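Q: Attaching a single structure in structure tokens format; questions to follow.
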DNA sequence: CCAGCTCATCGTAAAATCCCGATGTGAAGG
DNA sequence: CCTTCACATCGGGATTTTACGATGAGCTGG
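As structure tokens, then:
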């Protein structure tokens, strides 16, 4: 992928979108949104993927700032990062407000 | 990429996100949002990419339903698809409304 | 301390993406 | 008709992503 000059804001948004724009990771985000409690290894049960694969997807989401993980004894507990979702929602709102006249 | 059972709505959202989640394509969307007029080959001038590459990025966005292209004589004129941006904004709004309690 | 559980990381093979130059296509203009 | 301009598509090489099994690391109960 060729580098394109990006503002910091653009880079942040694109990084978040890349993280979410994957079937398994989008599903993880939806699961975290739907469950009353922060899930952890339950994600592995919900997805038809190996444990290591799920762990890597979770890492991608965490690195992008979409989710947050806290260690709870032997497990890790994940939950959504509200600010990230709010950021993305606002981003699309701004794009939508300027629109084509054709 | 392993197939994950998706609802039609999920698939649509993920496809749109995949399309936008790329530096060049996100830039294209922002350019279309910023310009007063629908641009066309101007995109090639704005991006440090070959014409064929830009054309392919545009095709990805079009296939995902993010932008719309209309032929205007020898050129093609692109503009944003408002419904797509609204859809994505709403999607993030829904995710945000359900959130972690940690 | 050891066994066992949960989760993270490593090594790597398969697949997808990204980008480009070359070439195809279709509309004007001469 | 022939050229030219704008754009799309093709073929293919480089890079990245995805997924897995195996293994590492940390906590916990016995």
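Residue numbers (my numbering), protein chains in the order written: chain A, 1 to 102; chain B, 1001 to 1102.
Heads up, the beta-carbon is just placed ideally off N, CA and C, and yes, glycines get one too.
The structure presented is a predicted model; accordingly, all values stated were derived computationally and were not measured.
Looking at residue 1061 of chain B and residue 1054 of chain B, is the spacing between their C-beta atoms short of 7 angstroms?
A: Reading the second chain from its first residue, position 54 is the one you call residue 1054 of chain B. Reading the second chain from its first residue, position 61 is the one you call residue 1061 of chain B. No, the Cβ-Cβ distance between residue 1054 of chain B and residue 1061 of chain B is not below 7 angstroms.
Q: For a contact meaning CB atoms closer than 8 angstroms, what does residue 1089 of chain B contact in chain A?
A: If you number the second chain from 1, residue 1089 of chain B lands on position 89. Per Cβ cutoff of 8 angstroms: 89, 92, 93, 96.
Q: Put residue 1021 of chain B into one of helix, strand or coil per three-state DSSP.
A: On the second chain, residue 1021 of chain B is found 21 positions in, with the first residue counted as 1. In this structure, residue 1021 of chain B counts as coil in the three-state DSSP scheme.
Q: Taking 7 angstroms as the CB-CB cut-off, is residue 1083 of chain B touching chain A?
A: Within the second chain, the letter at position 83 stands for residue 1083 of chain B. It does not: the Cβ of residue 1083 of chain B has no partner Cβ on chain A nearer than 7 angstroms.
Q: How would you label residue 1071 of chain B, buried or exposed, when you count the other beta carbons within 10 angstroms and need 16 or more for buried?
A: Position 71 of the second chain, counted from the first residue, corresponds to residue 1071 of chain B. Counting Cβ neighbours within 10 Å, residue 1071 of chain B comes out exposed, since fewer than 16 surround it.
Q: Any beta carbon of chain A sitting closer than 7 angstroms to that of residue 1017 of chain B?
A: Here residue 1017 of chain B is taken as the residue at index 17 of the second chain, counted from 1. Chain A, which has a Cβ nearer than 7 angstroms to the Cβ of residue 1017 of chain B, makes this yes.
Q: So which residues on chain A does residue 1074 of chain B lean against when the C-beta distance must stay under 8 angstroms?
A: The residue labelled residue 1074 of chain B in the question sits at position 74 within the second chain. Correct list: empty, because the minimum Cβ distance to chain A is about 17 angstroms.
Q: In chain order, what residues of the same chain have a beta carbon less than 7 angstroms from the beta carbon of residue 79 of chain A, not counting five sequence neighbours either side?
A: Residue mapping note: residue 79 of chain A aligns to position 79 of the first chain, counting from 1. If we look at residue 79 of chain A and ignore the five residues flanking it on each side, its Cβ neighbours are 32, 38, 67, 68.
Q: As a quick exercise: from A/1, A/47, A/18, A/12, pick the residue whose alpha carbon is nearest that of residue 1006 of chain B.
A: What you label residue 1006 of chain B is simply residue 6 of the second chain in a count that begins at 1. When each option's Cα is compared against that of residue 1006 of chain B, the closest is A/47.
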